[in-house]
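Numbering (this note's numbering), first residue to last: 39 to 311. The C-beta atom is built at its ideal place from N, Cα and C for all residues, glycine as well.
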Amino acid sequence: MLSLLKKLTAGTPAPAAPVADKVEKVDPYMLGLHDAMLSGWFNQQTGELFTGFPVTAEDTLLDVGCGDGGNVHFCGMRGAKIIIADIDAAKVEATRQRLSDTPARDVECHVTDCNPLPIADATATRVVSTEVIEHVDDPAQFLAELVRVGKPGALYLLSVPHPSSEDLQKDIAAPEYFQKPNHIRIISEEQFKAMVSDAGLEVLSHSQYGFYWSMWMLLFWEAKVDFSNADHPLLNHWADTWQAVLASPRGAQIKQALDAVVAKSQVIIARKP
39 MLSLLKKLTA GTPAPAAPVA DKVEKVDPYM LGLHDAMLSG WFNQQTGELF TGFPVTAEDT
99 LLDVGCGDGG NVHFCGMRGA KIIIADIDAA KVEATRQRLS DTPARDVECH VTDCNPLPIA
159 DATATRVVST EVIEHVDDPA QFLAELVRVG KPGALYLLSV PHPSSEDLQK DIAAPEYFQK
219 PNHIRIISEE QFKAMVSDAG LEVLSHSQYG FYWSMWMLLF WEAKVDFSNA DHPLLNHWAD
279 TWQAVLASPR GAQIKQALDA VVAKSQVIIA RKP
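#1: When the distance is taken between beta carbons, is Ile121 closer than 9 Å to Leu100?
#2: Nearest-angstrom Cα distance between Lys302 and Gln83?
#3: Tell me which residue opens and which closes the alpha helix (DSSP H) that Tyr250 is part of.
#4: Comparing alpha-carbon positions, which option in Val300, Tyr215 and Ala123 lies nearest Glu227?
#5: Take Val57 and list the residues in its own chain whose beta-carbon comes closer than 8 Å to its own, dropping the five residues that flank it on each side.
#6: Please classify Lys293: is it buried, with 16 or more other beta-carbons within 10 angstroms of its beta-carbon, or exposed?
#7: For Arg288, does the count of other Cβ atoms within 10 angstroms reach 16, so buried, or fall short, so exposed?
#8: According to the Cβ coordinates, are Gly114 and Val149 closer than 9 Å?
#9: I need the straight-line Cα distance from Thr243 to Ile307, nearest angstrom please.
#10: How big is the Cα-Cα spacing for Leu40 and Ser202?
#11: Just list the alpha helix (DSSP H) runs in the region 86–134, keeping only unbroken ones of 4 residues or longer that don't cross its boundaries, in chain order.
#12: Which same chain residues, not among the five before or five after Ala160, have their C-beta less than 6 Å away from its C-beta?
#13: Let me confirm a value: Pro199 is counted as buried when at least 16 other C-beta atoms fall within 10 Å, else exposed. Which label applies?
#14: Looking only at its chain, what residues have a beta carbon closer than 8 Å to the beta carbon of Ile157, apart from the 5 residues adjacent to it on each side?
#15: The alpha helix (DSSP H) that contains Ile210, what's its start and end?
#16: Might you give, ordered along the chain, the residues of its own chain that have their beta carbon closer than 8 Å to the beta carbon of Glu214, omitting 5 neighbours on each side?
#17: At what residue ranges does the region 151–183 contain a whole run of the beta strand (DSSP E), taking only runs of 3 or more?
#18: What residue range is occupied by the uninterrupted beta strand (DSSP E) comprising Gln304?
#19: Using the three-state DSSP reduction, which class does Gly188 fall into: helix, strand or coil?
#20: Leaving out the 5 sequence neighbours to the left and right, which residues in its chain are closer than 7 Å to Phe180 when beta-carbon positions are compared?
#21: So what does DSSP say about Leu239, is it helix, strand or coil?
#22: Closest to Leu239 by C-alpha separation, out of Ala182, Ser197 and Ile225, would be which residue?
#23: Residues in the same chain with beta-carbon distance under 8 Å from Leu76, minus the five sequence neighbours each way, listed in chain order, please.
#24: Considering only C-alpha positions, which residue in the set Ser197, Glu260, Ala192 and Gly248 is nearest to Ser167?
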């Protein structure tokens, strides 16, 4: 599979077919959001941030490694108390501002390396940490902190890159992708479940998704463009293709089959006893 993809990305593109009418360009990020929603994220009808992880106004939700704040914005719109923590002060401030237009009943912000978390024991009823564990020096210590600050019965939403996608990127990604402070480890499905269980949590579900983003990232490295302006024929054609796949009669079935083969992320929902 990898050798085929290398040939495809290195080959000369075929001549474009004539287009009779101008077609509106697909936004790859909005398409990615749509794809994520099809995988169980951001369910407005059920109030679930991800399938099996409902959030209500009664919850106190902690997001460790909040990034751009997409997860907590959804939770803030549910009226929950939000606690955010990230090592990047700029991201914390941007997320704080993003939460200002939500009905979150309170917002608490921490700039921290999470070692330890500046949060009291048994504080949160919901704990989120997505795409963080692959960056940290000591996953066991990091998870122990997440468990410490959760109330008994708290739900946890944890995700890390899936090895199928990471292995695909190995020979194509920029070297720094697999260097500190980026991804310093590839975590297998078995290792991820063991990490969470060994931390004292009960694993409720373990799923994977993101074939679209796996392929997008593969083509991104070949395109050699910047994330802030990822405009390149390879990426644009891929977004067009994936939108057409999802819109096809069996699009959902095709997506599910491909997500099962190459997934960008694996997600565990767990509970603190």
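Here's the rundown:
#1: Numbered from its first residue, the sequence shown carries residue 100 at position 62. Numbered from its first residue, the sequence shown carries residue 121 at position 83. Cβ atoms of Leu100 and Ile121: closer than 9 Å.
#2: For the purposes of this step, residue 302 is taken as residue 264 along the sequence shown, with counting starting at 1. For the purposes of this step, residue 83 is taken as residue 45 along the sequence shown, with counting starting at 1. Cα-Cα distance, rounded: 25 Å.
#3: Numbered from 1 along the sequence shown, position 212 holds the residue referred to as residue 250. Its alpha helix (DSSP H) spans residues Phe249 to Ala261.
#4: Within the sequence shown, residue 227 is the residue found at index 189, counting from 1. Of the candidates Val300, Tyr215 and Ala123, the one whose C-alpha sits nearest the C-alpha of Glu227 is Val300.
#5: The count along the sequence shown starts at 1 and reaches residue 57 at position 19. Per-residue confidence for Val57 stands at a pLDDT of 45, beneath the threshold of 50, marking its modelled position as unreliable; no derived number is given.
#6: Start at 1 with the first residue of the sequence shown, and residue 293 comes out as number 255. Per the 10 Å Cβ criterion, buried.
#7: Taking the first residue of the sequence shown as position 1, residue 288 is located at position 250. So Arg288 ends up on the exposed side.
#8: Here the question's residue 114 lines up with position 76 in the sequence shown. Here the question's residue 149 lines up with position 111 in the sequence shown. No, Cβ-Cβ distance for Gly114 and Val149 is not below 9 Å.
#9: As a working note, residue 243 is residue 205 in the sequence shown. As a working note, residue 307 is residue 269 in the sequence shown. Here residue 243 turns out to be Ser, not Thr, going by the sequence shown. The straight-line gap separating the alpha-carbon atoms of Ser243 and Ile307 is approximately 5 Å.
#10: Walking along the sequence shown from the start, residue 40 turns up at place 2. Walking along the sequence shown from the start, residue 202 turns up at place 164. Unreliable positioning characterises Leu40 in this predicted model, as indicated by a pLDDT of 38, which lies under 50. The coordinate reading is nonetheless provided below. Each residue's Cα considered, the two are about 11 Å apart.
#11: The qualifying runs are 108–115.
#12: Position 122 of the sequence shown, counting from 1, holds the residue named residue 160. Contacts found: Lys189.
#13: In the sequence shown, the residue the question calls residue 199 occupies position 161. Buried.
#14: Position 119 of the sequence shown holds residue 157. Counting only Cβ-Cβ distances below 8 Å, and skipping sequence neighbours, we find Leu100, Ile121, Ala123, His148 and Val187.
#15: Indexing the sequence shown from 1 puts residue 210 at position 172. Element bounds for Ile210: n/a, residue is neither H nor E.
#16: Within the sequence shown, residue 214 is the residue found at index 176, counting from 1. Closer than 8 Å at the Cβ level, and outside the excluded window around Glu214, lie Asn220.
#17: 162–168
#18: In the sequence shown, the residue the question calls residue 304 occupies position 266. Ser303 to Arg309 is the extent of the beta strand (DSSP E) around Gln304.
#19: Numbered from 1 along the sequence shown, position 150 holds the residue referred to as residue 188. Gly188: strand per DSSP, three-state reduction.
#20: Taking the sequence shown and counting its residues from 1, one reaches residue 180 at position 142. Contacts found: Cys152, Ile171 and Val174.
#21: To locate residue 239, count along the sequence shown from 1; it is residue 201. In the structure shown, Leu239 sits in coil (DSSP, three-state: anything other than H, G, I, E or B).
#22: Position 201 of the sequence shown, counted from the first residue, corresponds to residue 239. The option with the nearest alpha carbon to Leu239 is Ala182.
#23: Mapped onto the sequence shown, residue 76 falls at position 38. For Leu76, where only same-chain residues beyond five positions count, the Cβ hits under 8 Å are Leu284, Ala290 and Lys293.
#24: Here residue 167 refers to the residue found at position 129 of the sequence shown. The option with the nearest alpha carbon to Ser167 is Ser197.
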